[in-house]
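Please read the structure below before turning to the comments.
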Amino acid sequence: MASAESLTYTKMVVDESLRMHPPIWIFPRAAVNADTLGGYDVEPGSSVLLSPLVSHHNPRHWDNPLAFDPYRFTPQAIKERPRMAYLPFGSGPRQCVGNFMALLELRIIVAMVNQRFRISRIPGTELRYGSPVISLRPLQNVMVTVTPRERSTAGPRPSRRTAPAGPAACPHHS
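To convert, count from 1 in the sequence shown and add 405; that's my numbering.
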């Protein structure tokens, strides 16, 4: 398996999945200074709600926002978009502390599962959310078909525990 950093397309798929279905749909914050947001005056101490779900589906930042398109996350597309248009884990000093670990795990799991299986949603089933609390959850189970992928016939894979024989195996071998 390639290193997680080299999984460019997998990273784009994970980012697009998090754009469409962010793990947390709303972040409560308190205004520190007086400001104006969307034409409304906000006083210090006022509650402000930031919604990644709304931002991630805003057609001002995303063409056809309800369509799944991993190419929204090419390096060029990222440069052309406002920085705060994509924030699945929040932003700044209060962003999720597990952000980097979650992204690393997601990329590796998605790559490994898709390497071994083909996953397809059963026709006629749709993803609909129930009433959100903290995270978004499907209203009902999302039915899928999981089919094993054909294995390559390029020959047996070497065991991870097999080391080269002889002195070349270790530079410190005497």
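Even glycine gets a Cβ: it sits at the ideal position worked out from N, Cα and C. Computed from a prediction, not measured in an experiment: that's the story for all the values here.
Spatial neighbours of residue i in its chain, beta-carbon cut-off 6 Å, leaving aside the 5 residues before and after
i      : result
HIS462 : PRO470
MET417 : PRO475, PHE478
Nearest-angstrom beta carbon gap, residue j and residue i [assumed within contact, 8 Å]
i      : j      : result
LEU532 : VAL547 : 6 Å
PHE522 : PRO553 : 6 Å
Neighbourhood of residue i by C-beta, 8 Å cutoff - its chain only, sequence neighbours within 5 removed
i      : result
GLY450 : ALA435, ALA436
LEU454 : ILE431, PHE432, PRO433, ARG434
VAL551 : PHE522, ARG523, ILE524
LEU544 : ARG533, TYR534, GLY535
VAL447 : ALA436, ALA439, ASP440, THR441, VAL453
Beta-carbon proximity check, residue i vs residue j, cutoff 8 Å
i      : j      : result
ALA507 : LEU412 : no
PRO457 : PRO493 : yes
HIS466 : LEU541 : no
PRO464 : GLU421 : no
ALA490 : SER536 : no
Close Cβ partners of residue i (< 7 Å) along its chain, the five nearest in sequence each way excluded
i      : result
LEU511 : VAL419
SER579 : Low local confidence applies: a pLDDT of 43 at SER579 is under 50, so the model's placement there is unreliable, with the coordinate-based value given in what follows. The answer is none, since no qualifying residue turns up.
PRO428 : PRO493, SER540
LYS484 : none
For residue i: DSSP bridge partner residues
i      : result
PRO493 : GLY495
SER422 : Partner(s): none; SER422 has no beta bridge.
THR441 : ASP446
ILE429 : SER540
PHE522 : PRO553
TYR534 : PRO543
LEU412 : In DSSP, LEU412 forms no bridge with anything.
Environment of residue i [buried if 16+ CB atoms lie within 10 Å]
i      : result
ARG424 : buried
THR530 : exposed
THR415 : buried
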